[in-house]
Amino acid sequence: MKKFFLWILVIALWAGSVAQSWAAAADDKVADFYRGKTVRLIVGFSAGGGYDAYSRLIGRHLHKHIPGNPSIVVDNMAGAGSVILANHMYNAAPKDGTVIGNFSGQIILEQLFGNPAVQFDLAKFRFLGVPIGETYLLLSTKKSGITRFDDLMGAKSKQLTIGGIPGSTVEQGPMLLRDLLGANIKVVSGYKGTADVRLAMESGELDGFFNSWESTKVTSLDRVKNGEWHILAQVGDHPIAALPVKNVPTIPQIAKTDEQQQLLRFGAWAPNQFAKVYTVPPGTPADRAAALEAALAKTFTDKEFLADAEKGKLDIDPVSTAQVQKMVTDFFGLPADLKAKLKKILKP
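Just so you know, the working numbering puts the end of the sequence shown at 350, numbered straight through with nothing missing.
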């Protein structure tokens, strides 16, 4: 009996040694591929916005954690709320692990509604991770004279003119507030990124903005603190603790019925819990995709990365790939009646 258990122990140790050897060989294979190469990280929005800020930060640190330590180059491919980038990633980008895409989770609604511009299946992308989920704010300029959400409601309301990025929450969120709740909002579409919307606000072309807290914190916190911009609402279930302004209403306070609340959550909150998702195209070799996913996870806990994130006022609270996959699955299982009502508002 003792000899039997001894043999079992020997076999187990041998199997463990073989498994380690295989793992090491796989790592060596991935490292050999990436050594001396350049990985292109493409952002689906214009330079100067929140997506760009996160990707450039990640780009400075990611290479340390990819086997073979390739160089990282960050580029921008803006348009259609990042649908253009998603199409490129799905149909044209190399499927060898040398291109990573960073696009908006909101594009899941474009696919859900059957937008003919969508030439991808989001469920088939390999997700690598998300640095943080997002909650969006409704903002107004001081010049607009609008200081509270209630100023937009009712017969004597004032109109808020907001800049929209087609296919993104920046445009679709205000549409929901307008058509679902009756807020007096005018949406001017056609902007390519949040940086362009900010410039239009500064010039007086616009007097409102629907932007994430994460982006606002990085690019415009001073405007909020000095009173140039007002926060009218936060489109989430719970108050953002770090907001410099208190008593800003949330979804349960601005949406009066259960259905309104559900539609706001699915249309403007839930997609943004995986908003800044990083992906590689379908067909990317599994070992390289796994190495990139592991590298991104290590980057999110890298002390130097976190110190740089703090300096840049970029919050890091990662969303796992398993969570992203579940949310994508939940969206494609959205009840037909809610889907139809969302589509009627967002795709009239």
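We put the beta carbon where it would ideally sit given N, CA and C, even for glycine.
{"query": "Stretch pair the segment 39-50 + the segment 127-139: three plus CB contacts closer than 8 Å", "result": "no"}
{"query": "Backbone secondary structure at valine 330 - three-state DSSP", "result": "helix"}
{"query": "Sufficient close CB pairs (3 or more, under 8 Å) joining the segment 224-234 to the segment 243-262", "result": "yes"}
{"query": "Other residues of its chain near aspartate 304: CB distance less than 8 Å, five sequence neighbours each side excluded", "result": "His63, Lys66 and His67"}
{"query": "Counted within 10 angstroms of its Cβ, other Cβ atoms place glycine 335 as buried (16 or more) or exposed", "result": "exposed"}
{"query": "Lysine 258 classed as buried or exposed, judged by whether at least 16 other C-beta atoms fall within 10 angstroms", "result": "exposed"}
{"query": "Nearest-angstrom Cα separation, counted from alanine 157 out to leucine 344", "result": "25 Å"}
{"query": "Range covered by the beta strand (DSSP E) that runs through leucine 59", "result": "Element bounds for leucine 59: not the beta strand (DSSP E) but the alpha helix (DSSP H), 52-63."}
{"query": "Sequence-distant residues of its chain with Cβ nearer than 7 Å to glycine 81 (five each side left out)", "result": "Lys194"}
{"query": "Three or more C-beta pairs below 8 Å linking the segment 112-126 and the segment 200-209", "result": "no"}
{"query": "Nearest to alanine 270 (by Cα), restricted to the options Lys39, Val85, Met177 and Met155", "result": "Met177"}
{"query": "Cβ-Cβ separation, glycine 52 to glutamate 216 (assumed contact under 8 Å), whole Å", "result": "6 Å"}
{"query": "Rounded straight-line distance, which links the Cα of tyrosine 280 to that of phenylalanine 212", "result": "23 Å"}
{"query": "Coil, strand or helix - lysine 345 by DSSP", "result": "helix"}
{"query": "Alanine 301 in three-state terms, based on DSSP", "result": "It is worth fixing the name first, because residue 301 is threonine in this sequence and not alanine. In this structure, threonine 301 counts as helix in the three-state DSSP scheme."}
{"query": "Contiguous beta strand (DSSP E) assignments of at least 3 residues, all confined to the segment 251-295", "result": "280-282"}
{"query": "Contact under 8 Å by Cβ, isoleucine 318 with alanine 311", "result": "yes"}
{"query": "For histidine 90, the three-state DSSP class (helix, strand or coil)", "result": "helix"}
{"query": "Close beta carbons around serine 73, own chain, < 6 Å, minus the five adjacent residues each side", "result": "Thr40"}
{"query": "Beta-carbon proximity list for lysine 227, same chain, < 7 Å, skipping 5 on both sides", "result": "Pro246"}
{"query": "Validate contact between the segment 182-196 and the segment 161-169 using beta carbons, cut 8 Å, 3 pairs", "result": "yes"}
{"query": "Per-residue burial, arginine 290 [other beta carbons within 10 Å of its own, 16 or more giving buried]", "result": "buried"}
{"query": "Distance, threonine 149 Cα to phenylalanine 268 Cα", "result": "26 Å"}
{"query": "Euclidean distance between Cα positions of serine 170 and proline 69", "result": "34 Å"}
{"query": "Cβ distance (whole Å) where valine 326 is taken to contact isoleucine 102 below 8 Å", "result": "Not a contact, Cβ separation roughly 15 Å."}
{"query": "Inter-residue Cα distance where the pair is tyrosine 56 and glycine 147", "result": "33 Å"}
{"query": "Per DSSP, cross-strand counterpart(s) of alanine 235", "result": "Leu140"}
{"query": "Contact under 8 Å by Cβ, arginine 42 with valine 75", "result": "yes"}
{"query": "One or two residues paired with valine 85 in a DSSP bridge", "result": "According to DSSP, which records beta bridges pairwise, valine 85 is partnered with nothing at all."}
{"query": "Per-residue DSSP class, three states only, for leucine 336", "result": "coil"}
{"query": "Run of the beta strand (DSSP E) containing leucine 162, from where it starts to where it stops", "result": "162-165"}
{"query": "Beta-carbon proximity list for glycine 285, same chain, < 8 Å, skipping 5 on both sides", "result": "Lys97"}
{"query": "Whole-number beta carbon distance between leucine 298 and leucine 130, since they are thought to touch under 8 Å", "result": "5 Å"}
{"query": "Coarse secondary structure for leucine 308, derived from DSSP in three states", "result": "helix"}
{"query": "beta-carbon alanine 95 near the ligand GTP non-hydrogen atom, thresh 7 Å", "result": "This structure does not include the ligand GTP; it has no bound ligands of any sort."}
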